[in-house]
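Undergrad:
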Amino acid sequence: MKTEDMNPPDEAFIRQLTDWQNRLFGYLVTILGNVHDAHDVLQETNVVMWRKMDEFEPGSNFGAWAKRCAQFQALAFLRDKKRDRHVFDEETLARLIEEDAQLVDSASGDEEQEIALRECLASLPDEQRRLIRDRYRDQLSVRELAGRIGKKESATKMALMRIRESLLVCIEGKLKEVNP
Amino acid sequence: MSGDPFDRKQFLHLLSALMDGGQLGEADRELLNGAVRDFPEARDLYRRHMDLHARLHLDYSGGLAPEGMPGEAPKQDKPGSTSRLSPPVLAIAAALVATLFTTSIFLLNQSDSGTVPDTTNGIAVLSESVGLEWPESAPKWQRGDAIAPGLFEIESGFAQIEFFCGATVVVEGPAKLEMVSVSKAVLHKGRLSAFVPEPAKGFVIAGPEFDTVDLGTEFAMSINDDGKSEVHVLDGEVELRDKQGSLLRQLTAGKSVKHDGPGLNLLEIEGQGQTFAGREQVVRMSGQRGESRLSEWRRYRHKFADDADTIVYFDFEDHAMWDRQLHNARPDGPDGAIVGARWVTGRWPGKGAIEFKRVSDRVRLDIPGEYRSLTLAAWIRIEGLDRRYNALFLTDGWHKGEPHWHIGNNGQLSFGISRVGTLHTEPLLDSGDLGRWLHLAVTFDDITREIRHYRDGKLMSKAAVSGEAPITIGASEIGNWQPGEAAARVRSFNGRLDEFLLSKRAFTSDEIYDHYINGDPYR
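Line order of the protein sequences matches chains A and B.
Just so we're aligned: the first sequence equals residues 40 to 219 in this note's numbering.
Just so we're aligned: the second sequence equals residues 86 to 608 in this note's numbering.
1. Given this structure, state the Cα-to-Cα distance separating Ala77 of chain A from Leu184 of chain A, to the nearest angstrom.
2. Could you tell me how far apart the beta carbons of Trp433 of chain B and Gly486 of chain B are, in whole angstroms, since I believe they sit closer than 8 Å?
3. Is it buried or exposed, Gln245 of chain B, if we count other Cβ atoms within 10 angstroms and call 16 or more buried?
4. Report yes or no: do the stretch 472-480 of chain B and the stretch 543-553 of chain B share at least 3 C-beta pairs separated by less than 8 Å?
5. Output needed for Leu156 of chain A: all residues of its chain with C-beta closer than 8 Å, excluding positions within five of it in sequence on either side, in chain order.
6. Label Ser617 of chain B either buried or exposed according to how many other C-beta atoms from any shown protein chain fall within 10 Å of its C-beta, with 16 as the threshold for buried.
7. Which class does Thr187 of chain B belong to by DSSP, given the choice of helix, strand or coil?
8. Could you list which residues in chain B have their beta carbon closer than 7 Å to that of Ile171 of chain A, in chain order?
9. Between Glu257 of chain B and the rest of its own chain, which residues show a CB-CB distance below 6 Å, the 5 nearest in sequence each way excluded?
10. So, are the CB atoms of Asp394 of chain B and Arg590 of chain B less than 8 Å apart?
11. Can you name the start and end residues of the beta strand (DSSP E) that His344 of chain B belongs to?
12. What separation, rounded to the nearest whole angstrom, lies between the Cα atoms of Ala462 of chain B and Val527 of chain B?
13. If you reduce the DSSP assignment to three classes, tell me which class Ile532 of chain B lands in.
14. With a threshold of 16 other CB atoms inside 10 Å of the CB of Ala51 of chain A, please say whether the residue is buried or exposed.
15. Please say whether Ile202 of chain A and Ile154 of chain A have beta carbons closer to each other than 8 Å?
16. If I follow the unbroken beta strand (DSSP E) through Ser214 of chain B, where does it start and stop?
17. Can you grab the Cα-Cα spacing for the pair Asn100 of chain A / Ala109 of chain A, in whole Å?
18. May I ask you to check if the CB of Asp345 of chain B is nearer than 7 Å to at least one heavy atom of the ligand ADP?
19. Three or more C-beta pairs closer than 8 Å, one from the stretch 175-184 of chain A and one from the stretch 126-141 of chain A: is that the case here?
20. Report the residue from B:Gly552, B:Gly520, B:Gly493 whose alpha carbon sits nearest the alpha carbon of Arg504 of chain B.
21. Assuming Gly292 of chain B contacts Ser314 of chain B under a Cβ cut-off of 8 Å, what Cβ separation, rounded to an integer in Å, is found between them?
22. For Asn100 of chain A, does the three-state DSSP call read helix, strand or coil?
23. Within the chosen definition, does the stretch 345-364 of chain B reach the stretch 316-332 of chain B through at least 3 CB pairs nearer than 8 Å?
24. Tell me which residues share the same chain as Pro541 of chain B and place their Cβ nearer than 7 Å to its Cβ, disregarding the 5 neighbours each side in the sequence.
25. If you draw a straight line from the alpha carbon of Arg118 of chain A to that of Leu160 of chain A, how long is it in whole angstroms?
26. Are any of the Cβ atoms in chain B nearer than 8 Å to that of Leu135 of chain A?
27. List the residues that DSSP assigns as beta-bridge partners of Lys313 of chain B.
28. In the stretch 116-129 of chain B, which residues sit with their C-beta less than 7 Å from some C-beta in chain A, listed in chain order?
29. In chain B, which residues lie less than 7 Å from Asp128 of chain A when you measure between Cβ atoms?
30. State the start and end residues of the unbroken alpha helix (DSSP H) segment that holds Ser594 of chain B.
31. Would you say Met264 of chain B reaches chain A, if we count a Cβ-Cβ gap shorter than 8 Å as a contact?
32. Expressed to the nearest angstrom, what Euclidean distance is found between the alpha-carbon atoms of Ser516 of chain B and Glu468 of chain B?
33. Considering just the uninterrupted stretch of the beta strand (DSSP E) at Asp451 of chain B, what are its terminal residues?
34. My output table needs one value for Arg473 of chain B: the three-state DSSP class, helix, strand or coil.
35. Counting only the same chain and skipping the five closest in sequence on each side, list residues whose C-beta sits under 7 Å from that of Leu300 of chain B.
36. Okay, do the stretch 449-457 of chain B and the stretch 415-427 of chain B touch, 3+ Cβ pairs below 8 Å being the bar?
Encoded structure:
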């Protein structure tokens, strides 16, 4: 016999909240089009979710609820910003959001993605891995990167894009195996 | 641009400008917006790239990967470490706290505690049970369960209940007992005997007319069919008090009274305390029942050893404590090798089991062949869900066609076959499931392409998967995982295993239930 709901709500809530951080971030990057705004909006979203913890029904879909909160914050953020910060207009955003809701989020896919990404990064040639590292860890601009590797900016951009394309192929291949 | 076909190359250029180029020019922004609006393949590409972009950003900026460089092994959880939260997550928690609270202790305490919630609102433990039958609507308990306040009703059988105050009560069905507190219960119907050691003095069994307060040691009480109570003092002394708390009668060893209404008229009767089932009797009956259940199960298990579809059947019988080779009861089937795990007692006294405790404990297997369908079933006793994933049965690495079966630290069951598909259940296990024997099973059916998860003989989750690959197993482990070349966290299992079945046939729901019910130690 199990006693119903022995979970103190806040503990379960925090676990879900932390479990969903990466995916919420990814979601916000998709809506907002850049990581810096996504960072800010994620923090605001966390605060809102924490305040509205009581409105979340334990046992219901946390991810869907969290995404709704994030989406709401993102749209509010865009409303407050100058037009030139927008990547997408309302119609496009609505389509992205609507389509995203149809996608299934696996509850534990996040760690698998993380592992797959690492394995794929590890399998990159050194030179490519270094480029990605410099771009993301050291936040170097394309101009700085180009200077460092002695190539043109356009070639550097293309190189980054190509690496990301091959990473996607690699990750998606591994996730098809979805390591449970 | 809705009239034009989707230009992938141009779109990648736009994405590149967005991700690496800083600010997007107005013309490019318009093009990107139009493509994402009009082309599903643009949205798909955009979403995948942005997701990777976000992940790379997190991974390198200290978001996801405090361990450092990609390609290096992520740090394994320290054995015994309770906090699963990585520094960035703690930072998020801390930021929240700073924003919202004047004190951070509350939140951090919450995040620090284990992953499976702690118990409970119990006031007593069901410490022994013999042949208990429950009314349809009543809550049903198993041996070892903490009992919450409320009605405890049985139709037949014997229940030994240990109250948290230290008093032990043996209830004989049919009976209806109302559990009130750690030191009080109300008997509405049936017979019980109570043993009250010194620390539990003052323990009360209330009846319809009066309360029996134990001043130490032993008494029995019954409510007869006519609704009248009887009290028999076996040892020591009890007080009978009315509902206002006034003393009605003090009874010493050997004395018995019967309520003989109207009013509170108490009639002295001949002592019949010996006719009540006591603790010793219950334990003896329980032991006998365990023995007979064990021998029933021993007769039953042969069907799996005899089944030509059985690949591995470990019944953990007929082993010596020093055995490191785990005998496959299926003749000619591959044996296992026990590494680290030690021999312990299984579901019944006299039944063998092995216990996985340390990070290195495991059973090694090497299973040749290709299979179309699969059933995995196990009797386990989980002591803790210490890892993000807690291994039941996993192949080394995770190559095409290989099955993995494990439990998440949130109590969710997962089963997947590489490149075929995976099914995660909702969280199905919680702290009430720790320390008790559980039957878990999973099947994959080649025809329906369905994965089905079972818990205690019940179908919990099913879904069809889309991938195609023959199932191969090869080098594999029970209770642990060798990740192979991939860097990954430890997945060691914490608990006991006393039956394990691997069949190349997908069992039906009935077969799974049959396997469960014939091995259920709580029956």
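Note that CB positions come from ideal geometry on N, CA and C, so glycine has one too.
TA: In this structure, then:
1. Within the first sequence, numbered from 1, the residue matching residue 77 of chain A stands at position 38. Within the first sequence, numbered from 1, the residue matching residue 184 of chain A stands at position 145. The alpha-carbon atoms of Ala77 of chain A and Leu184 of chain A are separated by roughly 24 Å.
2. Counting from one through the second sequence, the residue named residue 433 of chain B turns up at place 348. Counting from one through the second sequence, the residue named residue 486 of chain B turns up at place 401. Actually they are not in contact, since the Cβ atoms of Trp433 of chain B and Gly486 of chain B sit about 37 Å apart, beyond 8 Å.
3. In the second sequence, the residue the question calls residue 245 of chain B occupies position 160. Buried: at least 16 other Cβ atoms inside 10 Å.
4. no
5. Along the first sequence, one-based indexing puts residue 156 of chain A at 117. Cβ neighbours of Leu156 of chain A beyond the five flanking positions: Leu206, Ile210.
6. Chain B is shown from 86 up to 608; residue 617 of chain B falls before or after that span and cannot be answered.
7. Position 102 of the second sequence, counted from the start, is the residue given in the question as residue 187 of chain B. Interpretation of Thr187 of chain B is limited by its pLDDT of 28, a score under 50 that renders its predicted location unreliable; the figure taken from the coordinates is listed afterwards. Correct three-state label for Thr187 of chain B: coil.
8. As a working mapping, residue 171 of chain A is identified with position 132 in the first sequence. Result: Leu141.
9. On the second sequence, residue 257 of chain B is found 172 positions in, with the first residue counted as 1. Correct list, in chain order: Phe243, Arg276, Ala362.
10. Within the second sequence, numbered from 1, the residue matching residue 394 of chain B stands at position 309. Within the second sequence, numbered from 1, the residue matching residue 590 of chain B stands at position 505. Yes, Cβ-Cβ distance for Asp394 of chain B and Arg590 of chain B is below 8 Å.
11. Within the second sequence, numbered from 1, the residue matching residue 344 of chain B stands at position 259. Per DSSP, His344 of chain B belongs to the beta strand (DSSP E) from 341-344.
12. By one-based count along the second sequence, residue 462 of chain B stands at place 377. By one-based count along the second sequence, residue 527 of chain B stands at place 442. Ala462 of chain B and Val527 of chain B: Cα-Cα distance of roughly 6 Å.
13. Numbered from 1 along the second sequence, position 447 holds the residue referred to as residue 532 of chain B. If DSSP states are grouped into helix, strand and coil, Ile532 of chain B belongs with coil.
14. As a working mapping, residue 51 of chain A is identified with position 12 in the first sequence. Label assigned to Ala51 of chain A: buried.
15. To locate residue 154 of chain A, count along the first sequence from 1; it is residue 115. To locate residue 202 of chain A, count along the first sequence from 1; it is residue 163. For Ile154 of chain A and Ile202 of chain A, no; Cβs fall outside 8 Å.
16. The residue you call residue 214 of chain B lines up with position 129 of the second sequence. Ser214 of chain B -> beta strand (DSSP E) spans 209-218.
17. Start at 1 with the first residue of the first sequence, and residue 100 of chain A comes out as number 61. Start at 1 with the first residue of the first sequence, and residue 109 of chain A comes out as number 70. About 14 Å.
18. The model depicted lacks the ligand ADP and carries no ligand whatsoever.
19. no
20. As a position in the second sequence, residue 504 of chain B is number 419, starting the count at 1. Closest option to Arg504 of chain B, Cα to Cα, is B:Gly552.
21. Mapped onto the second sequence, residue 292 of chain B falls at position 207. Mapped onto the second sequence, residue 314 of chain B falls at position 229. At roughly 4 Å, the Cβ-Cβ gap stays under 8 Å, so Gly292 of chain B and Ser314 of chain B are in contact.
22. Locating residue 100 of chain A in the first sequence gives position 61, counting from the first residue. Note: Asn100 of chain A maps to coil in three-state DSSP.
23. yes
24. The residue given as residue 541 of chain B occupies position 456 in the second sequence. According to the sequence provided, residue 541 of chain B is Asp. The question's Pro does not apply to it. Answer for Asp541 of chain B: Leu523, His524, Tyr601, listed in chain order.
25. Here residue 118 of chain A is taken as the residue at index 79 of the first sequence, counted from 1. Here residue 160 of chain A is taken as the residue at index 121 of the first sequence, counted from 1. The straight-line gap from Cα to Cα measures roughly 37 Å.
26. Residue numbering aside, residue 135 of chain A sits at position 96 when the first sequence is read from its first letter. Interface residue, yes.
27. Along the second sequence, read from residue 1 onward, the residue named residue 313 of chain B stands at position 228. DSSP lists no partner for Lys313 of chain B.
28. Leu117, Asn118, Val121, Arg122, Arg128
29. For the purposes of this step, residue 128 of chain A is identified with residue 89 of the first sequence, where counting begins at 1. Near Asp128 of chain A (Cβ distances below 7 Å), the residues of chain B are Asn118.
30. To locate residue 594 of chain B, count along the second sequence from 1; it is residue 509. Counting along the chain, the alpha helix (DSSP H) containing Ser594 of chain B begins and ends at 594-602.
31. For the purposes of this step, residue 264 of chain B is taken as the residue at position 179 of the second sequence. So no, Met264 of chain B is outside the interface.
32. Within the second sequence, the letter at position 431 stands for residue 516 of chain B. Within the second sequence, the letter at position 383 stands for residue 468 of chain B. If you take the alpha carbons of Ser516 of chain B and Glu468 of chain B, they lie about 9 Å apart.
33. The count along the second sequence starts at 1 and reaches residue 451 of chain B at position 366. Per DSSP, Asp451 of chain B belongs to the beta strand (DSSP E) from 447-456.
34. By one-based count along the second sequence, residue 473 of chain B stands at place 388. Coil, per DSSP.
35. Within the second sequence, the letter at position 215 stands for residue 300 of chain B. The residues are Lys286, Gly321, Glu322, Val323, Glu324.
36. yes
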